[in-house]
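Trainee: Let me begin by handing over the structure; questions about it come next.
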Amino acid sequence: MSKTLSTNQILAALLFVFSFSAFAQTKLVEKVEKKDGELVIPYSKFKLKNGLTLIVHEDHSDPLVHVDVTYHVGSAREELKKSGFAHFFEHMMFQGSENVADEEHFKIVTESGGTLNGTTNRDRTNYFETVPSNQLETMLWLEADRMGYLLPAVTQEKFEVQRETVKNEKQQRYDNAPYGLFRELQAESIYPYGHPYSWLTIGKLEDLDRVDVEDLKKFFLRWYGPNNAVLTVGGDVDTKEVVKLAEKYFGTIPAGPAVEDLKIEPVKIEEDRYTHYEDKNIRFPALIVTFPTVPAYHEDEAALDYLSQLFGTGKKSFFYKEFVKTQKAIQASAFHSSSELAGEMTFFVLPYPGRSLSDFEAEMRTIIFKSFEEKGVSDDDIEKIKASYESNFINGLTSVSGKVSRLAAYETFTKDADYIGKDLKRYLAVTKEDVMRVYNKYIKGKSAVYLSVVPDANTAPAKADNYEPVTEGENTFPTTDYSKVAARTPKKDSFDRSSKPASGKAPLVPVPNFWTAEMDNGIEFIGTKSDEVPTVAVLIEIKGGARMESNMQDKAGIAQLTASLMNESTENYTAEEIQEELRKLGSSVSVSAGSNSSQMVIQTLSKNLDKTLELAEEILYRPKFTEEEFNRLKKQQFESVMASLKDPSSIASNIYDRLLYGEGHIYSLPTSGNIATLQNITLEDVKAFYEKNYSAGLASVTVVGDVEEGQVMESLSFLKDWKNTGVSVPELPATPAIEKTTVYFVDKADAPQSQIRVGYVSDLKYDVTGPYFKTTLMNYPLGGAFNSRINLNLREDKGWTYGARSYFSASDIPGPFTVSAGIKGNATDSALVEIMSELKNYADNGITNDELEFMKQSVAQRDALKYETPFQKAGYLSRIQEYDLPKDYVKQQAKIINSVTAAELNGLAKKYIPYDKLTIVIVGDKKTLLDKVKALGYNVVEWNPEKTDDSSGTN
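In the UniProt record's numbering, the protein residues as written are 1 to 955.
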């Protein structure tokens, strides 16, 4: 955008600077204002004397504030042989500081009605909170305390617990997950020994065992100073007030050692490297080919992103046409990712079982090195990708957190918070010549890493390994210099930092106003105008979903298969043509089916609403249901079911549902069906299912976006022609009673982590002011919040899990109460003891006064976060429509929250936590765990997971 200022703008800027003269340590660096027709996030940027960069974005559209502190440090700054430390440190930063007690950070933010988290990647760590706007000062106090006052609260005990938590995270997300380890081997194979990207952010278990608490303290002192951080505040705030508070809480924190950018030469691979590993959790072998490319914000990054889309995004992409459409592979894609120091172009293919990876390598080589060059790139290809990028940029600005995150990232990596316009411009400037240029420069004829993932030793990799990552030797890359690290003592404050700031009056949260309408065929409409960004979201929901299979359970999975086919060809368009038309508009239309409904989700820029709805009409009314597409999608769904039999989490959930709902209940089967039921489905079955169940009498429409009611109803007038078939949603049978608590044990040989599910089906149907709503309040301190009893016990106190929770779920029929966790393998029996103890104690003794107050504060204030984005508004309106809720139900809930008593919640706990009549499913290593579980005294049944995928119900 232009930075040329008029006389009035200069005067305004001078007055703005003058208004901050009282803060001698704060310097206004830049002020950016919004101009019509430009993509801009308005902000003011300041520099504190200690080097902290402060960016403030005022956005008064919602009574929210988002606070982000980004430190320019990630795993690339770790020492060799001490990988995973930056991510480990992210966990430690939530464990209290000098003035914030252990586990209080989560409690304070949650109690204020907010959400929080932290993330770490190769190059940065960020911490962020979204809260009602009256909590701004408290958030700044929290963030400043861990920046300046962390070390006094670091103890060996906290260190050990969090080390175990991180190790459990690695086991859950990597070691025990399908394809979970490919990125680790990929990084080691692309980057040479010692390169900062040659290890993953999560780190290696042996390295996590190697570090100690003194390493942590040095790491903090080296990298977590204010001069290596960007504090970004956005939302319903006053810039002057933010500067005043930032100066108060951060201004006395001394700067850390100077930080210089890393300078690393680009990686070169001289010859193709072949490597592989075995993964017992997978059904499909994988071939992953990776070429080194360029860092983020490099002049070639945008063109390389386009190139990856041409290879692997959409139904006209090379990989989709050659591998997926031809039924050679269940999945094939290409993606380009860039980090601060380097980038990678990755081609990923999952062939169907029985196909040779060596054959796939040959075909991939033909596509990458021959077919693409022969076909080339068209102007039409480029325009479709540009439309998609523009739409994604705009949709990323629907929340204050999205805007703040962009400002923080741009400032951290480009030193220009006002980079969003330049960022979009560089993508919109890409030409077909640019794409061919980067193809020739980085891909054609270049060597790559060819990584095979195989399910067992009998499956051959693409080629025999010719490369083994180097794990020892001389390191020629930069390492962290700790010579200038010294303890930093903040200057004395003029206030009592140990006292949590008082919060102002909670903001009034405007519940979205809405309009309603109804067509003669029974379709109900609900909508609201939201003009913060020029987009529109339309949700067409058809009641039923997999529930419509109740009278045809031998064909379970047909609802999902029908929805999948509706995303394919229509009477007037091939699947490729209709998707390409949508890409030209930067729009999307997708159909899916769940347990209770089928949905069509439409997203578009406001200017393209009518053209997008023309395509949505085609998809809804005129699906072609070809034999070829039916066979392909049925095969994909079948193979996905087979793959789920190897995934511990899927195994646990599927068996749990089967046991809870019992034989004859459609919810005892996965929405995708099982091996037997899928084999029974024919194309004629799908056509009949569509004709009968896609009925106007079951349909409702939710609209949110920058559009008026009159225009919406005119644009959606084609729905008047939708027929009402008279079909109704079937009633479902009662679920079997549980006579006594029973453990069902499923063997997952050598699994480093166990999956646990505990629960039963209650008699509660969904409501917003009745027993169901009150029971969710009761569960909140037990397992509904991070600071709940179950999670604090298993994660924060024991370090046995990455996360554990409990929850009630229901719809117009009763749903289950569930406790769910992934548990460190050798702690499985102990964790079950703790879970059952927590349930019994809560049911017998009830909620404490502190927990009651915590729940009331947390739940009462979180409304401010409920209605910010278009999709949040759509979800709110959809619930009103589906359950015929009163317009003021949110106010009624507030009254209940404020008036509910401990005695009432304790009565609900006694009734709805029947700890002696629960179903328990454990998926873990039988040889090390089964005897320990049996020793706990429960009735234990060994369960064969293969039996969950036939229709007999026996075991």
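The beta carbon of each residue, even a glycine, is placed where N, CA and C say it ideally should be.
1) Just to confirm, are Phe-393 and Asp-416 a CB contact at a threshold of 9 Å?
2) Decide if the region 255 to 274 is in contact with the region 80 to 87; the criterion is three or more beta carbon pairs, one per stretch, under 8 Å apart.
3) Residue range of the alpha helix (DSSP H) that Gln-156 falls in?
4) Under DSSP, the beta strand (DSSP E) around Met-600 begins and ends at which residues?
5) Since Lys-934 is in the alpha helix (DSSP H), which residue starts that stretch and which ends it?
6) Where does the unbroken alpha helix (DSSP H) through Lys-611 begin, and where does it stop?
7) If you reduce the DSSP assignment to three classes, tell me which class residue 956 lands in.
8) Would you report the Cα separation of Ile-835 and Ile-790, rounded to the nearest angstrom?
9) Could you have a look at Ala-24 and say whether DSSP puts it in helix, strand or coil?
10) Can you give me the start and stop residues for the alpha helix (DSSP H) that Pro-351 sits inside?
11) If contacts are defined as beta-carbon pairs under 8 Å, then Gln-755 and Pro-648 qualify, I think. What distance do you get, rounded to the angstrom?
12) Mind reading off the beta-carbon distance from Asn-281 to Lys-646? Whole number of angstroms is fine, and I expect it under 8 Å.
13) When you compare only the Cα positions, how much space is there between Leu-936 and Leu-929?
14) For Gly-705, which residues of its own chain have a beta-carbon under 7 Å away from its beta-carbon, when the five flanking residues on both sides are left out?
15) Identify, in the order they occur along the chain, each residue of the same chain with its Cβ nearer than 8 Å to the Cβ of Lys-325, setting aside the five sequence neighbours on each side.
16) Between Gly-784 and the rest of its own chain, which residues show a CB-CB distance below 8 Å, the 5 nearest in sequence each way excluded?
17) Bridge partners of Leu-64, per DSSP?
18) Assign Thr-919 to buried or exposed, taking buried as 16 or more other Cβ atoms, counted over all protein chains shown, within 10 Å of its Cβ.
19) Taking 6 Å as the limit between beta carbons, can you name the residues of its chain near Ala-827, skipping five residues before and five after?
20) Quick one: is Gly-37 buried, meaning 16 or more other Cβ sit within 10 Å of its Cβ, or exposed?
21) To the nearest angstrom, how far is the alpha carbon of Gly-225 from that of Ser-133?
22) Can you tell me which residues form a DSSP beta bridge with Glu-518?
23) In or out: Arg-757 buried (at least 16 other Cβ within 10 Å) or exposed?
24) Alpha carbon to alpha carbon, how far is Asp-62 from Val-233?
25) Starting from Asp-657 and walking both ways along the alpha helix (DSSP H), at which residues does that stretch end?
26) Leaving aside the five residues before and after Gln-560 along the sequence, list all residues of the same chain whose C-beta is less than 6 Å from its C-beta, in chain order.
27) Could you tell me the boundaries of the beta strand (DSSP E) in which Arg-497 lies?
28) Under 9 Å between the Cβ atoms of Ser-503 and Glu-137?
29) Between the region 282 to 289 and the region 337 to 352, do three or more beta carbon pairs fall short of 8 Å?
30) So what does DSSP say about Asp-747, is it helix, strand or coil?
31) Could you pull out every residue in the same chain whose Cβ sits closer than 8 Å to the Cβ of Glu-270, ignoring the five residues on either side in sequence?
32) For Ala-462 versus Phe-323, is the C-beta spacing smaller than 9 Å?
33) Which whole runs of the beta strand (DSSP E) in the region 186 to 229 are 3 residues long or more, in chain order?
34) Figure out for me which residue from Leu-683, Leu-660, Leu-613 has the closest Cα to the Cα of Lys-624.
35) Which partner residues does Gln-331 have in the DSSP bridge list?
36) Return the CA-CA distance between Gly-396 and Glu-33, expressed in angstroms with no decimal places.
Mentor: Considering the structure as presented:
1) Here residue 393 refers to the residue found at position 393 when the sequence shown is read from its first residue. Here residue 416 refers to the residue found at position 416 when the sequence shown is read from its first residue. No, they are not a contact pair.
2) no
3) Stepping through the sequence shown from its first residue, residue 156 is reached at position 156. Here the alpha helix (DSSP H) through Gln-156 covers 156 to 170.
4) Translated into positions along the sequence shown, residue 600 becomes position 600. Its beta strand (DSSP E) spans residues 597 to 605.
5) The residue you call residue 934 lines up with position 934 of the sequence shown. Note, Lys-934: alpha helix (DSSP H), 926 to 934.
6) In the sequence shown, counting from the first residue as 1, residue 611 sits at position 611. Where Lys-611 is concerned, the enclosing alpha helix (DSSP H) stretches over 609 to 621.
7) With the chain covering 1 to 955 only, the question about residue 956 has no answer from this structure.
8) Reading the sequence shown from its first residue, position 835 is the one you call residue 835. Reading the sequence shown from its first residue, position 790 is the one you call residue 790. Answer to the nearest angstrom: the Cα atoms are 7 Å apart.
9) Numbered from its first residue, the sequence shown carries residue 24 at position 24. Low local confidence applies: a pLDDT of 49 at Ala-24 is under 50, so the model's placement there is unreliable, with the coordinate-based value given in what follows. Coil, per DSSP.
10) Taking the first residue of the sequence shown as 1, we reach residue 351 at position 351. Run containing Pro-351: none in the alpha helix (DSSP H); it sits in the beta strand (DSSP E), 343 to 351.
11) Here residue 755 is taken as the residue at index 755 of the sequence shown, counted from 1. Here residue 648 is taken as the residue at index 648 of the sequence shown, counted from 1. Correct: roughly 5 Å between the Cβ atoms.
12) The sequence position of residue 281 within the sequence shown is 281, counting from 1. The sequence position of residue 646 within the sequence shown is 646, counting from 1. Their Cβ separation, rounded to whole angstroms, is 5 Å, which keeps Asn-281 and Lys-646 in contact under 8 Å.
13) The sequence position of residue 936 within the sequence shown is 936, counting from 1. The sequence position of residue 929 within the sequence shown is 929, counting from 1. So the two alpha carbons sit approximately 11 Å from each other.
14) Sequence index remark: in the sequence shown, residue 705 carries index 705 (1-based). Within the same chain, Gly-705 has close Cβ partners Ser-530, Thr-535, Val-536, Ala-537, Ser-606, Pro-870.
15) Within the sequence shown, residue 325 is the residue found at index 325, counting from 1. Closer than 8 Å at Cβ, skipping near neighbours: Lys-315, Arg-632.
16) One-based indexing of the sequence shown puts residue 784 at position 784. Contacts found: Thr-776, Arg-805, Ser-806, Tyr-807.
17) Within the sequence shown, the letter at position 64 stands for residue 64. Leu-64 pairs with Pro-132.
18) Residue 919 sits at position 919 when you count from the first residue of the sequence shown. Buried: at least 16 other Cβ atoms inside 10 Å.
19) By one-based count along the sequence shown, residue 827 stands at place 827. The answer, listed in chain order, is Trp-800.
20) Along the sequence shown, one-based indexing puts residue 37 at 37. Result: exposed.
21) In the sequence shown, residue 225 corresponds to position 225, counting from 1. In the sequence shown, residue 133 corresponds to position 133, counting from 1. Roughly 27 Å separates the two Cα atoms.
22) Locating residue 518 in the sequence shown gives position 518, counting from the first residue. Bridge partners of Glu-518: Glu-524.
23) Reading the sequence shown from its first residue, position 757 is the one you call residue 757. Buried: at least 16 other Cβ atoms inside 10 Å.
24) Taking the sequence shown and counting its residues from 1, the one referred to as residue 62 is at position 62. Taking the sequence shown and counting its residues from 1, the one referred to as residue 233 is at position 233. Spanning the two alpha carbons is a distance of roughly 14 Å.
25) One-based indexing of the sequence shown puts residue 657 at position 657. Per DSSP, Asp-657 belongs to the alpha helix (DSSP H) from 648 to 661.
26) Taking the first residue of the sequence shown as position 1, residue 560 is located at position 560. Around Gln-560: Ala-593, Thr-671, Ser-672.
27) The count along the sequence shown starts at 1 and reaches residue 497 at position 497. Here Arg-497 belongs to no beta strand (DSSP E), and DSSP marks it neither H nor E.
28) Against the sequence shown, residue 503 aligns to sequence position 503. Against the sequence shown, residue 137 aligns to sequence position 137. Contact: yes.
29) yes
30) In the sequence shown, counting from the first residue as 1, residue 747 sits at position 747. Correct three-state label for Asp-747: strand.
31) To locate residue 270, count along the sequence shown from 1; it is residue 270. The residues are Ser-447.
32) As a working mapping, residue 462 is identified with position 462 in the sequence shown. As a working mapping, residue 323 is identified with position 323 in the sequence shown. It is not a contact, given that the beta carbons lie outside the stated cut-off.
33) none
34) Counting from 1 along the sequence shown, the entry for residue 624 is found at position 624. Comparing Cα positions, the closest option is Leu-683.
35) Taking the sequence shown and counting its residues from 1, the one referred to as residue 331 is at position 331. Paired residue(s): Leu-350.
36) Here the question's residue 396 lines up with position 396 in the sequence shown. Here the question's residue 33 lines up with position 33 in the sequence shown. Those two C-alpha atoms are separated by around 19 Å.
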